[in-house]
Structures are given as structure tokens and as C-alpha cells.
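What follows is a set of notes on a single structure, which appears directly below.
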Ligand code: SF4
Ligand code: SF4
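Residue numbers (the working numbering), protein chains in the order written: chain Y, 276 to 718; chain B, 266 to 598.
Pasting the structure below:
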């Protein structure tokens with residue numbers, strides 16, 4: 276069975292919502308839409324207080340190449356532009372809109388008919404992605420039009436589609452693959468056309484047999500697309516690990532997938548691309564898993580961007596008494612939010628409520644040098660050593676030992692029997708090492 | 266809802282592994298061999314083990330409490346394990362006071378002076394054992410012969426171990442084939458019906474524990490197998506050259522402390538290397554040193570010394586023998 280070779284852990288899957296079909300979350304009375312929902316420069320706000328906006332209307336325009344358009348997710352009146360705290364705990368500018376109704380832009384095709392014929396050239400596809408504000412929905416939120424524009428001198432020969440969803444709890448990609456299978460396959464075909472490749476491989480963890488079967492059944496109609504079951508092991512869905520598992524190419528340290536002639540897109544992105552290109556629908560809603568062991572009714576929802584997490588949790592039965600942590604994203608790599616008022620954005624794949632008793636960390640004890648952290652690191656780094664070096668401030672040696680390669684998958688902290696916060700220290704070391712490198716460049 | 270949400274960095278969940286569970290796992294793995302010793306050596310095995318474990322735990326408690334003035338670390342199970350391993354390396358009739366002294370050396374000198382669990386460069390149980398061997402050579406090398414369950418302790422019937430018989434004999438120029446007739450056949454050695462340290466004798470039960478350790482992923486195969494294979498290759502080569510002057514590899518594996526050392530002592534987390542490549546080199550080193558000491562050294566047995574010598578190289582190995590990082594080769598080539 277295909278898998279990445281080094282390391283990895285097996286956290287309990289807890290996919291509580293795998294069998295629950297996606298529903299549409301009612302539109303909230305107001306939304307706060309951040310103007311930076313992607314990696315890159317903030318977009319420029321195009322609306323002001325009192326403006327009427329329609330669902331799907333652009334409200335902030337991308338600024339610079341690596342940036343993305345932002346669209347209104349509701350119909351209503353702009354109340355203010357103000358700061359909002361995002362999932363990372365940072366303040367950032369958002370457009371606040373009070374909802375009046377739900378009137379979509381006329382250009383958007385709201386029918387449920389699936390359009391398989393692709394009428395556009397690669398350039399037109401890339402333009403449509405740019406226009407519609409498509410970003411990577413797997414969590415990285417890198418603007419898709421950038422990823423689709425292959426720089427001169429580079430070559431892509433295979434497109435990889437990430438349907439792994441290796442994070443515990445999350446099921447948004449799983450449900451989407453089951454319920455919007457054909458749309459996703461069309462979306463992948465569109466991406467293939469834009470990249471001018473004839474081959475695409477979808478990687479899916481073997482705990483989603485139904486999705487694998489469904490996509491495989493339909494794939495006959497879509498030349499060049501193959502579906503591959505992967506071993507259930509975290510982090511199977513990490514970009515470099517997925518590439519290694521599927522096509523046996525190893526992305527060199529510090530480089531991009533394109534350096535081994537491939538590009539990776541998430542299944543959710545493929546769906547968004549389908550909607551943007553075939554239906555003229557900008558990216559203003561996405562599937563979000565709302566889940567947790569004590570939650571009354573966990574589920575999967577199409578959620579408009581800017582909807583507060585609180586509103587989403589209410590729909591799932593409200594915050595249970597014993598909630599200790601609310602995580603945006605999965606429990607391995609997601610961010611714990613400080614309050615429930617943060618908005619759902621393009622990159623929000625799920626909201627996980629962790630009960631009090633599971634949310635506290637155990638006290639750290641001395642490192643027993645069991646080497647478990649070394650053996651689970653998918654990059655074969657030595658986390659115990661990187662932690663010690665960061666603690667001691669030996670950043671130069673930490674860099675030599677590969678600290679900047681760490682992808683923060685959390686496998687090391689997860690497995691450490693002494694409960695050492697390895698990744699916390701590695702992050703610290705990484706950021707200080709980066710600071711040091713910048714200083715040296717200035718000199 | 267409570268307004269006091271916890272915010273901490275990812276990951277937000279943790280595996281079930283704890284230091285204590287790992288230590289307990291090793292203790293459980295040692296139980297079959299312990300029961301075998303009780304079967305072969307009787308009360309002696311129970312007394313030695315009880316005294317050794319109790320004094321190791323007590324010394325750790327006293328030092329942590331009154332010297333470090335810290336809260337307890339006893340419950341991590343490491344002192345218990347050290348005590349158990351020390352007992353396994355002792356004859357089952359050794360005077361109780363000597364055990365207490367050995368335990369003191371193991372815990373106070375070999376472990377705590379370096380700062381406690383995780384910081385000691387040498388395997389504490391082995392430091393204790395070697396100290397005892399040097400200080401009390403007579404008591405440490407009078408081996409009770411297995412005589413079924415017996416209630417005697419210091420008056421147990423003693424005899425030479427198979428290793429000592431072979432070593433002495435070869436020194437006196439006797440051919441190995443003749444010496445072999447004086448020691449039990451391999452099947453009997455495999456079960457542990459031979460003289461030796463109380464916990465080292467039963468190959469079968471030690472291997473049973475090894476399988477459990479592998480199954481539980483408490484240790485990996487690298488260190489034990491590289492030690493055993495190296496000893497087989499090394500002693501096997503000499504045996505093939507001259508089977509009348511050198512004992513066969515099977516004998517070397519079954520006699521003495523190779524299995525106990527390879528599976529349970531050399532794999533001690535704290536004092537062994539941190540990656541598979543280094544582990545293999547470490548294991549080969551122990552295998553070679555053990556064979557060399559056994560064939561040419563002054564002692565009939567060499568496992569303890571070999572492990573301690575290789576322990577000394579572990580920091581160096583961790584510094585210079587590195588796992589190949591993902592994406593590294595391509596970058597450099
Ligand atoms: S997993 Fe934890 S205890 Fe084991 S070597 Fe790594 S840091 Fe040390
Ligand atoms: S968080 Fe970094 S160091 Fe830890 S296992 Fe993942 S890649 Fe390795």
C-alpha cells in the first residue's frame with residue numbers, strides 16, 4: 276500500500292461526522308469578512324460603510340501577484356470596516372456586513388446541473404481563479420492562480436490532488452468527495468488543462484473507502500485521472516509526504532513541489548475551481564466540519580465566509596459545558612482560538628471542540644532519550660536535539676541540524692512519553708533562527 | 266460557556282505513551298525470565314530481587330527528597346527497573362549487604378550524580394554490577410547451580426558456569442569437544458537450566474520478553490539483533506577456523522549474559538544511541554567487544570564491560586552519526 280516512508284503517528288481518528296451529509300448553515304444576521312484570508316499581501320477594500328452588497332460581489336481586490344480577491348458572502352449593508360481577531364490570535368481588518376437577504380450576483384449559475392464541458396483556455400482558467408478569489412482550501416490558503424502559473428523554466432508533468440484528510444476529526448473533504456464527486460473530477464480536469472498536464476493522481480487515505488470507490492467509479496469518464504488509496508498514517512496529507520507516497524519523488528529541503536515537476540491541489544480547491552470556472556461562483560462559502568466528542572449534533576456544513584465560529588457552534592447544539600479548547604482546523608496542526616467570535620475564512624476546514632479533560636497538557640518530565648521523537652519525524656529530524664538547541668539558544672547549530680525544514684506536523688510532541696513540548700521550542704528556534712538570518716543579510 | 270478557553274500551540278492531542286508506561290512495559294517483559302529464575306534457583310532469586318529493587322527505589326527516594334529537595338520521581342518506574350536489572354545480573358546467593366551496596370552505586374553514583382533519569386551516561390545497573398564484580402570478586406562469581414525450587418540461600422550448592430568451564434579448559438589446553446561434554450546441551454541451556462546470574466540463564470523466556478517489547482514498540486530490533494549477529498559472526502569465524510580451540514556461536518549466545526545484555530541492558534534508552542544507523546554501529550561494537558573479552562580477555566564474560574565501553578561512545582555517535590534527512594540527499598547532490 277502506498278505511503279510515505281519515514282516516521283508518522285497514528286492518532287485516534289475520531290471521524291465522528293464521516294457519515295453526516297453536508298447541510299447548508301443558515302445565513303447569519305451579520306458577517307465579518309477579513310480582507311486577508313490567504314498567504315500574501317492584504318487585499319484592498321473596495322466598499323465603505325453604508326454600501327449595499329450582493330452575495331458574490333467583490334469587496335476587496337487582490338493587491339500584487341500573490342494576493343486574492345475577497346467577495347461578500349451575504350447580501351446586506353456594510354456596517355463598518357474594523358479589526359477582528361482571527362484564528363491565529365492576530366487582529367486584522369475585516370468588512371462587517373449586516374445581512375438583509377440572500378440575493379446572488381446575476382452572473383452566478385445557481386442551477387444544480389453539472390457542466391462537464393470545459394470551454395476555456397488555460398489563461399482564461401487562471402484568470403477565472405484569480406477573479407473568484409480561489410485559494411488553497413487544504414489550509415495553506417496559497418492563491419491558486421499563482422500555483423497554476425508555471426514560471427518560465429519550470430515544468431509540471433503530473434497534478435496531485437490531496438484528498439487525504441489525515442487530521443483526526445475532520446471530514447469536510449471526505450463528504451465533499453462523496454457528495455460532489457463529479458464536480459471535483461471536472462474541477463481536476465480544469466486544473467489539468469490550466470497546467471497543461473495529462474495526468475492527475477488523487478491520493479485518499481484508506482479510511483475513506485466509500486469516497487475512493489465513488490471517485491474510481493466515475494473516473495472512467497475523466498481521462499488521465501487515477502485514484503490511489505493510501506495507508507492511514509499521519510501526516511499522509513503533508514504536501515511533501517503525499518508527493519513521496521504517490522510518485523516517489525522527494526522534494527528537496529527548502530524547495531517546492533514544482534522542483535520535482537508536480538503541483539499539489541486540495542480536493543476542496545478542485546471543487547472551488549469547478550464552481551468558479553463552470554458556474555462563475557466566487558469563493559465565499561466552503562465546507563466546514565463542526566465536531567467534538569461532547570457536542571450535541573456535530574456535522575458538516577456549507578458555511579459562508581465571515582460567519583462567526585460561535586454561530587456555527589450554536590447550529591451544532593451550542594458549546595458544551597466542559598469545553599476546554601476550540602480549535603480551528605484539526606487537533607494536530609490547527610490553532611486554538613481565544614474566543615468563539617473569530618470568523619470562518621477560506622482556510623477553515625473544521626472547528627473541533629476539545630473537552631476540558633483532554634485539553635490540558637501533562638507536566639513535562641525529563642527526556643529519557645527514547646528516540647521516539649526521532650523515529651516519528653517524517654523528515655527524519657531529531658526533535659529532542661532541536662528542542663535542546665533552541666532552549667540553549669544555539670541557533671546556528673539548530674539550522675545545521677535542519678530546524679528550518681520542520682513542517683510543524685506535531686508528530687514529535689504527540690508521541691513524546693515525557694510530554695515534552697518539542698514543537699513549541701522548535702517553533703521558537705525556527706523564528707529566532709529566521710530573525711538571525713535576516714540580521715545577517717542586513718550586515 | 267466558560268470564557269477561559271485554553272490557547273496553546275498545536276498539537277492539541279497527545280498519544281497515550283508515558284515514561285512510566287514504557288518502564289512498566291520493560292518490567293513486564295522481564296517477568297517470564299524472573300519466574301524462570303525462581304523456578305531454577307528458588308527463594309534466592311526472590312530475595313535477591315526484592316532486596317535489589319527495594320534498595321534502588323529507596324535510594325532514589327532519599328536522594329530526590331533530601332539531596333535534590335524535589336518532589337518524587339519514583340513513580341516513573343525507572344528505579345524499580347534498575348533494581349530488577351541489577352538483580353538479574355547477580356548470583357542468587359549473594360550476601361544481602363553486597364546487594365545494597367551495589368544498589369547504592371547504581372542509583373546514587375551512576376544515576377543521581379549526573380542529575381537523575383535521562384542524564385546518566387552509563388547504564389546504572391551495569392555500573393553497579395561491575396563495581397560489585399571488582400569489589401567482591403569471590404561472592405560475585407560463586408554461582409549456585411539450578412536445583413529446582415530450593416529454600417536455601419547462602420548455603421546453595423555452587424558450581425562453575427558454562428562460560429567459566431570453557432574458558433578455564435581452553436586455557437589449560439583441553440579441546441573444546443571434550444569440554445562441551447561437561448556442560449549442559451543447548452536445549453537445556455536454552456531453557457535456562459544452567460548456572461549463572463539469576464536472570465540471564467533462560468534464553469527462551471528472555472526472547473519471549475523481547476517479542477513483547479517489539480510488539481509493544483518499546484524498543485526496536487536494531488540494537489539486540491546487531492549485537493547477537495555480530496557475536497555469531499565473530500565467534501563463528503574463529504570456530505570455523507579451529508573448532509577445537511574456540512567454542513561455537515550457539516554456545517556463545519546461550520551461555521552467559523548475551524541475551525539479557527542485548528535485549529534489556531544495551532537497549533536502555535538513556536545510554537543508547539538515538540537513531541537506527543548509530544544503533545547498529547553501537548550494537549556491532551558491543552558484539553565485537555563481548556567476543557574479544559570472552560575469547561582473549563581475563564574474564565569469562567564480557568557483555569557488561571562491552572556495553573559500558575560502548576556507552577561511553579554514545580554521545581559522540583549521537584553527534585556525528587546522523588539519520589539521513591528527508592530531502593537532504595537531492596539538495597547536496
Ligand atoms: S520522545 Fe521525548 S523523551 Fe523520547 S527522546 Fe524525544 S524528547 Fe526525549
Ligand atoms: S513537528 Fe517538525 S520536528 Fe516534529 S515531527 Fe513534525 S517535522 Fe519533525
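Beta carbons are placed, not taken as given, at the ideal position from N, Cα and C, and that holds for glycine.
Cutoff 8 Å: residue i Cβ touching any chain Y Cβ
i, result
"residue 596(B)", "Summary for residue 596(B): the model assigns pLDDT 44, below 50, so the residue's position carries little reliability; its value from the coordinates is reported in the next sentence. Judged by the 8 Å Cβ criterion, residue 596(B) is in contact with chain Y."
"residue 387(B)", "no"
"residue 590(B)", "yes"
"residue 539(B)", "yes"
"residue 278(B)", "yes"
"residue 370(B)", "no"
"residue 272(B)", "yes"
"residue 534(B)", "yes"
"residue 513(B)", "no"
"residue 465(B)", "no"
"residue 548(B)", "no"
"residue 474(B)", "no"
"residue 461(B)", "no"
"residue 275(B)", "yes"
"residue 567(B)", "no"
"residue 350(B)", "no"
Burial state of residue i (16 or more Cβ within 10 Å)
i, result
"residue 313(Y)", "buried"
"residue 397(B)", "buried"
"residue 373(Y)", "exposed"
"residue 381(Y)", "exposed"
"residue 282(B)", "buried"
"residue 408(B)", "buried"
"residue 602(Y)", "buried"
"residue 420(B)", "exposed"
"residue 575(Y)", "buried"
"residue 391(Y)", "exposed"
"residue 597(B)", "The predicted position of residue 597(B) is uncertain, since its pLDDT is 44 and thus under 50; no value can be drawn from it."
"residue 506(B)", "exposed"
"residue 523(Y)", "exposed"
"residue 300(B)", "exposed"
"residue 240(B)", "Residue 240(B) lies beyond the stretch modelled for chain B, which goes from 266 to 598, so this question has no answer here."
"residue 440(Y)", "buried"
"residue 530(B)", "buried"
"residue 467(Y)", "buried"
"residue 452(B)", "exposed"
"residue 332(B)", "exposed"
Close beta carbons around residue i, own chain, < 7 Å, minus the five adjacent residues each side
i, result
"residue 521(Y)", "277, 435, 476, 478 and 503"
"residue 284(Y)", "509, 651, 686, 689 and 690"
"residue 346(B)", "288, 291 and 292"
"residue 401(B)", "363"
"residue 418(Y)", "313, 315, 341, 342, 343 and 410"
"residue 586(Y)", "303"
"residue 383(B)", "535"
Any non-hydrogen atom of ligand 3 closer than 7 Å to residue i Cβ
i, result
"residue 425(B)", "Ligands present in the displayed structure are limited to ligand 1 and ligand 2, and ligand 3 is not among them."
6 Å Cβ shell around residue i - same chain, five flanking residues per side excluded
i, result
"residue 428(B)", "520, 521, 565 and 566"
"residue 598(Y)", "628"
"residue 340(B)", "none"
"residue 711(Y)", "670"
"residue 390(B)", "347, 350, 351 and 371"
"residue 362(Y)", "603, 610, 612 and 617"
Cutoff 8 Å: residue i Cβ touching any chain B Cβ
i, result
"residue 623(Y)", "no"
"residue 314(Y)", "no"
"residue 690(Y)", "yes"
"residue 607(Y)", "yes"
"residue 490(Y)", "no"
"residue 415(Y)", "no"
Close Cβ partners of residue i (< 8 Å) along its chain, the five nearest in sequence each way excluded
i, result
"residue 430(B)", "444, 447 and 448"
"residue 573(B)", "387, 388, 391, 392 and 395"
Exercise. Taking three-plus beta-carbon pairs below 8 Å as touching, is the segment 559-567 of chain Y in contact with the segment 287-302 of chain Y?
Worked result: Touching, yes.
For this session: May I ask you to verify whether the segment 463-476 of chain Y touches the segment 629-639 of chain Y, counting CB pairs closer than 8 Å and requiring at least 3?
Result: Using a C-beta cut-off of 8 Å, the segment 463-476 of chain Y makes no contact with the segment 629-639 of chain Y, since fewer than three inter-stretch Cβ pairs fall below that distance.
Problem set entry | the segment 462-471 of chain Y contacting the segment 412-426 of chain Y, beta-carbon criterion three pairs below 8 Å | Yes, the segment 462-471 of chain Y touches the segment 412-426 of chain Y.
Exercise. Looking at C-beta atoms only, is the number of pairs between the segment 544-557 of chain B and the segment 452-464 of chain B that lie closer than 8 Å three or more?
Worked result: Touching, no, given that fewer than three Cβ pairs across the two stretches are closer than 8 Å.
For this session: May I ask you to verify whether the segment 401-410 of chain Y touches the segment 568-582 of chain Y, counting CB pairs closer than 8 Å and requiring at least 3?
Result: Contact between the segment 401-410 of chain Y and the segment 568-582 of chain Y is absent: fewer than 3 CB-CB pairs across the two stretches fall below 8 Å.
Exercise. Would you call the segment 297-313 of chain B and the segment 351-360 of chain B in contact, with 3 or more CB pairs under 8 Å?
Worked result: With the cut-off at 8 Å, the segment 297-313 of chain B and the segment 351-360 of chain B touch.
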